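A.B. asks:
Protein chains in written order, with the numbering used here: chain A, 1 to 120; chain B, 1001 to 1147.
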């Protein structure tokens, strides 16, 4: 086989594999952020995520049932006493958003917040 | 004798018409602030549902599930009396005043403030719930009184 045919063959093989490589990149697994909820706060209390980058908030309860709700983003997750719950989403707008505990958990429930910064 | 005088002095009786009227006027015009603040939440069914849920956690013990004291066992034995939240006296407060009352309570009645216990969003959603209370008795008795 002439060298130029070998080169064409290699290019064709490369072209055939390239899209699947791009696919792998496009389907990159979402970033996971672990958050512990306990009376009466979230740890961490601030997170930063990127617009357009899929993310999963993994909320763990260290005591009673809690929740995490971002009203402006229409996101809400509830977690059972001592349990774990996941909130997958892709931020589609930038800004600072304050999430609140969405399950009444006691006297300091109203001050239980988590601030999420969504940046470009 | 002194002890007896103390007990009589502390006796709580329902307020008369003049006392109620004076207090109501003072509350509406001087004591309850925040008259002009607007509710930042939309007045829709979702907000009403949020308000109903928040109300059910903290307010039903005294105000009942319907905000009209239905199913509250001690409602006839407390002074000053617990008002129906559907009453003209309550409904004539502005949204901002209702939020102020939810935040700070009303001294010296038994109404406690909820600032910190409930979030601002929850408190504003309760204001929406208060503006559209369900019919009296339609929500049954609060769970805490049925066990």
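From the three backbone atoms N, C-alpha and C, an ideal C-beta is built for every residue, glycine too. From a predicted model like this one, the values you see are computed outputs, not experimental measurements.
Where does the unbroken beta strand (DSSP E) through residue 97 of chain A begin, and where does it stop?
C.D. replies: Segment 95-100, the beta strand (DSSP E) holding residue 97 of chain A.
A.B. asks: Do you know whose CA, among A:118, A:51, A:82, lies nearest residue 36 of chain A's CA?
C.D. replies: When each option's Cα is compared against that of residue 36 of chain A, the closest is A:82.
A.B. asks: Would residue 107 of chain A pass as an interface residue toward chain B - the criterion being a Cβ-Cβ separation below 8 Å?
C.D. replies: Interface residue, yes.
A.B. asks: Going along the chain, which residues of the region 1114-1129 of chain B sit with their C-beta nearer than 9 Å to a C-beta in chain A?
C.D. replies: Within the region 1114-1129 of chain B, the qualifying residues are 1114, 1115, 1116, 1117, 1118, 1119, 1120, 1121, 1122, 1123.
A.B. asks: By how many angstroms is the C-alpha of residue 1017 of chain B removed from the C-alpha of residue 71 of chain A?
C.D. replies: So the two alpha carbons sit approximately 44 Å from each other.
A.B. asks: Can you name the residues of chain A whose CB is closer than 8 Å to the CB of residue 1045 of chain B?
C.D. replies: Those do not exist, as residue 1045 of chain B stays about 15 Å from chain A at its closest Cβ, beyond 8 Å.
A.B. asks: What residue range is occupied by the uninterrupted alpha helix (DSSP H) comprising residue 1102 of chain B?
C.D. replies: Element bounds for residue 1102 of chain B: 1095-1104.
A.B. asks: Please tell me whether residue 1057 of chain B has its Cβ less than 8 Å away from any Cβ of chain A.
C.D. replies: Residue 1057 of chain B counts as touching chain A.
A.B. asks: Which residue or residues does DSSP assign as beta-bridge partners of residue 38 of chain A?
C.D. replies: BP columns for residue 38 of chain A point to A:41.
A.B. asks: Would you please state the rounded distance, in angstroms, between the beta carbons of residue 79 of chain A and residue 67 of chain A? I believe it to be under 8 Å.
C.D. replies: Residue 79 of chain A to residue 67 of chain A, Cβ: 7 Å. Contact.
A.B. asks: Against chain B, with Cβ distances strictly below 8 Å, would residue 99 of chain A count as a contact?
C.D. replies: With 8 Å as the cut-off, residue 99 of chain A does not count as an interface residue toward chain B.
A.B. asks: By the three-class DSSP mapping on this structure, what secondary structure does residue 1023 of chain B have?
C.D. replies: Note: residue 1023 of chain B maps to helix in three-state DSSP.
A.B. asks: Against chain B, with Cβ distances strictly below 8 Å, would residue 38 of chain A count as a contact?
C.D. replies: Cβ-Cβ to chain B under 8 Å: no for residue 38 of chain A.
A.B. asks: Would you please verify whether the beta carbon of residue 104 of chain A is less than 8 Å from any beta carbon of chain B?
C.D. replies: Chain B contact via Cβ: present.
A.B. asks: Which residue wins for smallest C-alpha separation from residue 115 of chain A, given the options A:100, A:106, A:109?
C.D. replies: Among A:100, A:106, A:109, the Cα nearest to that of residue 115 of chain A is on A:100.
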